[in-house]
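K.L.:
Counting in our numbering, the sequence shown runs from 3 upward without gaps.
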Amino acid sequence: RPPARAGRGVRGPDRHRRRPAPPLLLPLRRFVRPLHAHDRPPRPGIGGADRRRARRAGRGAPPAGRQADVSRFLPFPIFPEQASTLAPRTDHLLYYLLAVSGLMTVLIAGLIFYFSVRYRRRPGNERATQVHGSNRLEIAWSVVPLVIFLFTYVWGANIYFWAYTPPFDALEVYGVGKQWMWKFQHLSGQREINELHVPVARPVKVLLTSQDVIHSFFVPEFRVKQDAVPGRYTEAWFEATMPGTYHLFCTQYCGTLHSQMIGSVVAMEPAAFEQWLAGGATASPAERGRQLFESLGCDTCHRADALARAPDLTGLLGRQVRFRDGGVAKADEAYIRQSILDPAAQVVQGYEPIMPTFKGLVTEEGILDLIEYIKSLGTTEKAGP
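1) Verify whether the separation of the beta carbon atoms of Cys303 and Ala310 is less than 8 Å.
2) With DSSP as the reference, label Ile373 as helix, strand or coil.
3) Return yes when the Cβ of Ser261 is within less than 8 Å of the Cβ of Tyr248, no when it is not.
4) Are Ala312 and Val323 closer than 8 Å when you measure CB to CB?
5) Drop a sphere of 10 angstroms on the beta-carbon of Ile195, count the other beta-carbons inside from all chains shown, and report buried for 16 or more, exposed for fewer.
6) Where does Cys256 sit, in a helix, a strand or coil, going by DSSP?
7) Roughly how many whole angstroms lie between the Cα atoms of Ser378 and Leu370?
8) Helix, strand or coil: how does DSSP classify Glu276 here?
9) Work out the CA separation of Val133 and Glu237 for me, nearest whole Å.
10) Please report the distance separating the alpha-carbon of Gly233 from that of Gln340.
11) On a CA-only basis, which of Pro245, Leu318, Val146, Leu88 is nearest Met270? Give me that one, please.
12) So what's Pro201 in DSSP terms, helix, strand or just coil?
13) Classify Met263 as helix, strand or coil using the three-state DSSP reduction.
14) Counting only the same chain and skipping the five closest in sequence on each side, list residues whose C-beta sits under 6 Å from that of Phe220.
15) Restricting to Cα atoms, I'd like to know which of Thr365, Met183, Leu343 is closest to Pro358.
16) Report the rounded CA-to-CA distance for Ser86 versus Phe275, giving the unit in angstroms.
17) Determine, using beta-carbon pairs with one atom in the region 89-101 and one in the region 147-157, whether at least three such pairs fall under 8 Å.
18) With C-beta atoms as the reference, is Phe295 less than 8 Å away from Leu372?
19) Return the bridge partner residues of Val350 from the DSSP annotation.
20) If you run the structure through DSSP and keep just helix, strand and coil, what is Ala309?
21) How is the beta strand (DSSP E) around Tyr176 delimited, first residue to last?
22) With DSSP collapsed to three states, give me the class of Ile338.
23) Could you give the residue range of the alpha helix (DSSP H) that holds His94?
24) Please report the Cβ distance between Val215 and Gly257, rounded to the nearest whole angstrom; I am assuming they are in contact, meaning their Cβ atoms lie under 8 Å.
25) Return the bridge partner residues of Asp211 from the DSSP annotation.
26) What do you reckon, are the CB atoms on His199 and Trp278 nearer than 8 Å?
27) Going by C-alpha distance, which of Ala203, Thr211, Gln213, Val231 is nearest Phe224?
28) Ignore the nearest five residues each way along the sequence and tell me which others in Tyr337's own chain have a CB closer than 8 Å to its CB.
29) I'd like to confirm the pairing. Which residues does DSSP put opposite Leu188 in its beta bridges?
30) In whole angstroms, give me the CA-to-CA distance for Leu88 and Val149.
31) Decide if Arg58 is buried, meaning its Cβ has at least 16 other Cβ atoms within 10 Å, or exposed.
32) Which whole-angstrom value describes the C-beta separation of Ile376 and Leu318, a residue pair presumed to lie in contact below a C-beta threshold of 8 Å?
33) Can you give me the start and stop residues for the beta strand (DSSP E) that Val364 sits inside?
34) Along the chain, where does the beta strand (DSSP E) that runs through Phe170 open and close?
35) Go to Glu237, then tell me how far its alpha helix (DSSP H) extends in each direction, as first and last residue.
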């Protein structure tokens, strides 16, 4: 028994002052389960061996609708849940890299230990046997790593091109990052802040830009990450495989409230998503773009008759545009944006540089509406296969 000392047996509100403070965060749990009070009575028949058997049974086959994941068979989480078609592809590549790295580490460490013991210095054997090399061995340890590296490169390149090439039939959504929120708008008119509703089992392409600084669109369960850059448009696409609500983070430091720039992606069944689209629909981006186009007086110059002082915008998207300085560019979203904010940078051949800049007058959302309106006038882009 420890000897008596000052302070033992003290009662009062300050008796825990020498004990460690409780943790600020709850411990990480592998699966989403309800929280219960600490004094909640245990369920009948669940205790001791029964509880251990229940845990072992729970680590069997994955729940219905969930893809198989190696981390489900481990006592601790390695990756977030797989909830998109891209997630298993990237996870399998990383599992392969971990396995190859682990095997090579064990092999090299084992050979070092073996050679240290096998060829250690012994009494009476002061002079080591000279080995002048083996062509077969040198070819083997050169060719085998080369094959492994080439296989890894081909596998990774295949995933990269697949992940950055959205399908032609993908559902399009516009996204704007700003300090410190995400703003999304669907082509049917719905607008969202820090929340994005998407259907399950359908590709979704998000056209991203930023209103102020660089942000980054990141959904861990989808294994999707894409930067949103001011003055540029970038694309991110994914196809959700399970209904649910998934975290949306900004992974590029963007200011004092960067850690609070958190949203969510809500994956819904197709029927539920169509019902959500039908409810609360407002004017479409194309209609808002038409109204903005007319309110700014753009239709007085961009017209198809003899009084036109600027190019006709019908069928502009996808067309090759020639400039006064002899340059050529494809009319895509980035070209339209630059023409709105800095029209003097690229003047179309046959026209004078009379268009004023609308920088500071039109927001990023307004530019996206104008782009969608110009798209509605027709396109010359080739349809996908």
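All residues carry an ideal CB built from backbone N, CA and C; glycine is no exception.
P.N.:
By the coordinates alone:
1) yes
2) helix
3) no
4) no
5) exposed
6) coil
7) 12 Å
8) helix
9) 58 Å
10) 8 Å
11) Pro245
12) strand
13) coil
14) Lys227, Phe251, Thr253
15) Leu343
16) 17 Å
17) yes
18) yes
19) Phe325
20) Rather than Ala, the amino acid found at residue 309 in this sequence is Leu. Leu309: coil per DSSP, three-state reduction.
21) 173-180
22) helix
23) 89-120
24) 7 Å
25) Sequence inspection shows Thr at residue 211; the Asp mentioned does not correspond to that position. Thr211 is bridged to Val178.
26) yes
27) Ala203
28) Val323, Ala331, Gln348
29) Leu is not the amino acid found at residue 188; the sequence shown has His there. Val175, per the DSSP bridge assignment.
30) 25 Å
31) For Arg58, the pLDDT reaches just 42, beneath the cut-off of 50, and the residue's location in the model is therefore unreliable, leaving the point undetermined.
32) 6 Å
33) Segment: none, Val364 is in no beta strand (DSSP E) and carries neither H nor E.
34) No beta strand (DSSP E) contains Phe170, which DSSP labels as neither H nor E.
35) Taken as a continuous stretch (DSSP letters only), Glu237 belongs to no alpha helix (DSSP H), being part of the beta strand (DSSP E) at 236-240.
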